[in-house]
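S.K.: From first to last, the protein sequence lines stand for chains Y and E.
With my numbering as the guide, the letters of the first sequence map in order to residues 1205 to 1425.
With my numbering as the guide, the letters of the second sequence map in order to residues 1205 to 1425.
2 protein chains.
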Amino acid sequence: MAAIDEEVQLLGSVGSPFVIRVQIALKLKGIEHKYVEEKLGNLSETLLKYNPVYRMVPVLVHNGNPISESRVIIEYIDEAWKQNPILPSDPYKRALDRFWSKFIDEKCTIAAWKSVFMPDEKEREKAREELFEALQFLENELKDKFFGGEEIGFVDIAALFIPLFQEVAEKQLFPGDKFPKLQKWSLDFYNHPVVKEVMPSKEQQFGYFKARAASLAAPSK
Amino acid sequence: MAAIDEEVQLLGSVGSPFVIRVQIALKLKGIEHKYVEEKLGNLSETLLKYNPVYRMVPVLVHNGNPISESRVIIEYIDEAWKQNPILPSDPYKRALDRFWSKFIDEKCTIAAWKSVFMPDEKEREKAREELFEALQFLENELKDKFFGGEEIGFVDIAALFIPLFQEVAEKQLFPGDKFPKLQKWSLDFYNHPVVKEVMPSKEQQFGYFKARAASLAAPSK
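Encoded structure:
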């Protein structure tokens, strides 16, 4: 619980998986905060002041100090509030958590979007091959109920987009029997009480997916 | 200094800026280690076993535990050996260090390569514009002798490619008067005793740059 003299604010957009990541981290820690909705395409002056580099949500503001980039924010939350650790304490296990969450952002997230939303079937197929190759690494990595063991941790939160696609988007990323461990994890993650509480409605998630899909399909400038 | 019963091994390729990053971190900490040279294009079975995901140097192996990705390795080194900290201890300052080192990899490094090595002048010019926009953020961020204050830290090590280009490659990234603080930092960084000791010869760096430039200029598969 944040102390009374602390001010924690989250600038987000409903349905953004990167914002949901931060919301899960805050909820796991039990940190009360003020949520401020930002409109994609019409960001506030405050957002642009706090994140002039990427001009994107999420931004966490703690006692006036802004932090951007979801993985950076989660590590900050884990270090600023010690209760209910998100990363393990052992340096080697921490390194693996950082490695796999970085891997998810670099090798899985974009390929996942493209495999579902690219208008051209050949491009979707190419993205799907890349994605399946990457997911196989994650499938092999999954040894317990969650990547973090019996509780969800940094890698689970990073891999959030998998259950979002599998359970919400009506366009599954992969057939359930192709990656059985990821499929089970996906359900367990989605049914975790903290995740359930934080997750926006299906309609809100659809709305975000649809807007992002439209921007991905548009010719790049 | 690593304890006698510890085994630290670095798999690298001479001239790789990402390997030099790790070498600087090890030297700052005073960690003795065995260096194993890997040939780009003909990587060893050991390398492929330790880094099946990216199949790239550097890989650090500590008591049999392999770690890949230079920024992940440096954070590991900083957490496994406590002397001479590379990241600050304050959570907010740590978050900023992570943010800017990530920014360097995402927004500066590739643009820097392209601005110098792309065969097409228009593509070089486009990359140069992107790079200058990114470097302006770093120029504004530089408030002391180093990004880390009076000593080099995580962001300085990440920004290594700037002095490599400015002082070694004979094709400067930017005119010295365009980013005066970065230009001064570049010289200070390059003349830091630990950096000086670790840096390979100009010939070795040229060799690496040349090989990378050739692969960048080749049509992508």
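Just so you know, even glycine gets a beta-carbon here, dropped at the ideal spot from N, CA and C.
Keep in mind the model is a prediction, meaning the values are calculated, not measured.
Is there contact here, the segment 1276–1287 of chain Y with the segment 1298–1310 of chain E, by at least three beta-carbon pairs under 8 Å?
M.R.: As far as the Cβ criterion goes, the segment 1276–1287 of chain Y touches the segment 1298–1310 of chain E, which means the pair count is three or higher.
S.K.: Can you name the residues of chain Y whose CB is closer than 7 Å to the CB of K1375/E?
M.R.: On the second sequence, residue 1375/E is found 171 positions in, with the first residue counted as 1. Simply none; closest approach about 26 Å.
S.K.: Roughly how many angstroms lie between the CA atoms of I1228/E and G1352/E, to the nearest whole one?
M.R.: Here residue 1228/E refers to the residue found at position 24 of the second sequence. Here residue 1352/E refers to the residue found at position 148 of the second sequence. Rounded to the nearest angstrom, the two C-alpha atoms are 14 Å apart.
S.K.: Using C-beta distances below 8 Å, list every residue in its chain close to M1205/Y, excluding the 5 sequence neighbours before and after it, in chain order.
M.R.: In the first sequence, the residue the question calls residue 1205/Y occupies position 1. Low per-residue confidence applies at M1205/Y: pLDDT is 49, beneath 50, and the placement is therefore not dependable, though the value from the model is reported in the following sentence. So the qualifying residues of the chain are G1234, I1235 and E1236.
S.K.: Going by beta carbon distance, what residues of the same chain come within less than 6 Å of V1218/Y, once the five residues before and after it are set aside?
M.R.: Stepping through the first sequence from its first residue, residue 1218/Y is reached at position 14. Taken in chain order, the residues that qualify are P1404 and Q1408.
S.K.: From the DSSP secondary-structure annotation, give me the bridge partner or partners of Q1213/E.
M.R.: Counted from its first residue, the second sequence places residue 1213/E at position 9. Looking at the DSSP assignment, Q1213/E forms a beta bridge with K1238/E and V1265/E.
S.K.: When the Cα of V1265/E is compared with those of L1346/E, K1330/E, E1211/E and A1417/E, which residue comes out closest?
M.R.: Residue 1265/E sits at position 61 when you count from the first residue of the second sequence. For V1265/E, the nearest C-alpha among the options comes from E1211/E.
S.K.: On the three-pair Cβ rule with 8 Å, is the segment 1333–1352 of chain Y touching the segment 1361–1381 of chain Y?
M.R.: Flag = yes, the segment 1333–1352 of chain Y and the segment 1361–1381 of chain Y touch.
S.K.: Mapping the DSSP letters down to three states, classify I1271/E as helix, strand or coil.
M.R.: By one-based count along the second sequence, residue 1271/E stands at place 67. Correct three-state label for I1271/E: strand.
S.K.: What residues of chain Y sit near F1341/E, judged by a beta carbon separation below 9 Å?
M.R.: Taking the first residue of the second sequence as position 1, residue 1341/E is located at position 137. Simply P1256 and V1257.
S.K.: Expressed to the nearest angstrom, what Euclidean distance is found between the alpha-carbon atoms of P1292/Y and R1275/E?
M.R.: Numbered from 1 along the first sequence, position 88 holds the residue referred to as residue 1292/Y. Numbered from 1 along the second sequence, position 71 holds the residue referred to as residue 1275/E. Spanning the two alpha carbons is a distance of roughly 18 Å.
S.K.: In the DSSP assignment, find the alpha helix (DSSP H) that holds N1246/E and state where it starts and stops.
M.R.: As a working mapping, residue 1246/E is identified with position 42 in the second sequence. Looking at the DSSP string, N1246/E is not in any alpha helix (DSSP H), and its letter there is neither H nor E.
S.K.: Hey, is A1206/E's beta-carbon within less than 8 Å of any beta-carbon in chain Y?
M.R.: The residue you call residue 1206/E lines up with position 2 of the second sequence. Residue placement at A1206/E is poorly supported in this model, since its pLDDT is 49, which falls under 50; the coordinates still yield a value, given next. By this cut-off, A1206/E is not an interface position.
S.K.: For P1270/E, which residues in the same chain have their Cβ closer than 6 Å to its Cβ, ignoring the five residues on either side in sequence?
M.R.: On the second sequence, residue 1270/E is found 66 positions in, with the first residue counted as 1. Y1254 and V1263, listed in sequence order.
S.K.: Kindly give me the distance between the Cβ atoms of L1335/Y and A1315/Y, rounded to whole angstroms, as I take these residues to be in contact under 8 Å.
M.R.: As a working note, residue 1335/Y is residue 131 in the first sequence. As a working note, residue 1315/Y is residue 111 in the first sequence. Indeed, because the Cβ distance is near 4 Å, the residues count as touching under 8 Å.
S.K.: Which class does G1411/E belong to by DSSP, given the choice of helix, strand or coil?
M.R.: Your numbering for residue 1411/E matches position 207 in the second sequence. Reduced to three states, the DSSP call for G1411/E is helix.
S.K.: For F1307/E, go through chain Y and note every residue whose CB falls closer than 9 Å to its CB, in chain order.
M.R.: Stepping through the second sequence from its first residue, residue 1307/E is reached at position 103. Those are V1257, Y1258 and E1273, listed as they occur along chain Y.
S.K.: Give me the subset of the segment 1290–1303 of chain E whose CB atoms are less than 7 Å from a CB atom of chain Y, sorted by chain position.
M.R.: Listed by position, the residues of the segment 1290–1303 of chain E near chain Y (Cβ gap below 7 Å) are P1295, Y1296, R1298, A1299, R1302 and F1303.
S.K.: Can you find the residues in the same chain that come closer than 7 Å, C-beta to C-beta, to K1347/E, ignoring five residues on each side of it along the sequence?
M.R.: The residue labelled residue 1347/E in the question sits at position 143 within the second sequence. Within the same chain, K1347/E has no close Cβ partners at all.
S.K.: Under 8 Å between C-beta atoms, does V1276/Y make it to chain E?
M.R.: Taking the first residue of the first sequence as position 1, residue 1276/Y is located at position 72. By this cut-off, V1276/Y is an interface position.
S.K.: Buried or exposed: which applies to G1216/E, given that a residue is buried once 16 or more other Cβ atoms fall within 10 Å of its Cβ?
M.R.: Taking the first residue of the second sequence as position 1, residue 1216/E is located at position 12. It counts as buried.
S.K.: In chain E, which residues lie with their C-beta within 8 Å of the C-beta of A1284/Y?
M.R.: As a position in the first sequence, residue 1284/Y is number 80, starting the count at 1. Those within 8 Å of A1284/Y in chain E are P1295 and Y1296.
S.K.: Is V1261/E close to chain Y, meaning its C-beta is less than 8 Å from at least one C-beta of that chain?
M.R.: Taking the first residue of the second sequence as 1, we reach residue 1261/E at position 57. For V1261/E, the answer is no, since every Cβ of chain Y falls outside 8 Å of its Cβ.
S.K.: Taking just the CA atoms, how far does K1385/E sit from K1349/E?
M.R.: For the purposes of this step, residue 1349/E is identified with residue 145 of the second sequence, where counting begins at 1. For the purposes of this step, residue 1385/E is identified with residue 181 of the second sequence, where counting begins at 1. Using only the alpha carbons, I get a separation of about 9 Å.
S.K.: How would you write the range of the alpha helix (DSSP H) that A1362/E sits in, first residue to last?
M.R.: As a first step, residue 1362/E is located in the second sequence; it is residue number 158 there, counting from the start. Run containing A1362/E: F1358 to A1362, per the alpha helix (DSSP H) assignment.
S.K.: Rounded to the nearest angstrom, what separates N1267/Y and A1284/Y at their Cα positions?
M.R.: One-based indexing of the first sequence puts residue 1267/Y at position 63. One-based indexing of the first sequence puts residue 1284/Y at position 80. Each residue's alpha carbon lies about 12 Å from the other.
S.K.: Starting from V1226/E, trace the alpha helix (DSSP H) both ways and give me its first and last residue.
M.R.: Here residue 1226/E refers to the residue found at position 22 when the second sequence is read from its first residue. Where V1226/E is concerned, the enclosing alpha helix (DSSP H) stretches over P1221 to K1233.
S.K.: Kindly list the residues whose CB is nearer than 6 Å to the CB of L1251/Y, restricted to its own chain and excluding five residues on each side of it in sequence; keep chain order.
M.R.: Against the first sequence, residue 1251/Y aligns to sequence position 47. So the list reads L1215 and E1242, once near-sequence residues are dropped.
S.K.: Which residue comes first and which comes last in the alpha helix (DSSP H) that contains V1399/Y?
M.R.: By 1-based counting over the first sequence, the position of residue 1399/Y is 195. From DSSP, the alpha helix (DSSP H) with V1399/Y extends over P1397 to V1402.
S.K.: Please list, in chain order, all residues of the same chain as S1305/Y whose beta carbon is under 6 Å from its beta carbon, the five residues on each side excluded.
M.R.: By one-based count along the first sequence, residue 1305/Y stands at place 101. R1275, F1358, V1359 and A1362.
S.K.: Checking 8 Å against the spacing of the C-beta atoms, do K1318/Y and E1325/Y come in under that value?
M.R.: Within the first sequence, residue 1318/Y is the residue found at index 114, counting from 1. Within the first sequence, residue 1325/Y is the residue found at index 121, counting from 1. It is not a contact, given that the beta carbons lie outside the stated cut-off.
S.K.: Please name the residue or residues paired with F1350/Y in a DSSP beta bridge.
M.R.: Looking up residue 1350/Y in the first sequence gives position 146. Answer is G1353/Y, bridged to F1350/Y.
S.K.: Please classify E1394/E: does DSSP put it in a helix, a strand, or coil?
M.R.: Along the second sequence, one-based indexing puts residue 1394/E at 190. According to the sequence provided, residue 1394/E is Tyr. The question's Glu does not apply to it. The answer is helix: DSSP assigns Y1394/E an H, G or I state.
S.K.: Quick one: which chain E residues come within Cβ less than 9 Å of E1279/Y?
M.R.: Here the question's residue 1279/Y lines up with position 75 in the first sequence. The answer, in chain order, is P1295, R1298, A1299 and R1302.
S.K.: Distance check for E1355/Y and P1192/Y, CA to CA, integer angstroms please.
M.R.: The question about residue 1192/Y has no answer, for chain Y in this structure spans 1205 to 1425.
S.K.: Mind pulling the chain E residues with CB within less than 7 Å of N1269/Y?
M.R.: Counting from 1 along the first sequence, the entry for residue 1269/Y is found at position 65. Under the 7 Å cutoff, chain E gives Y1296.
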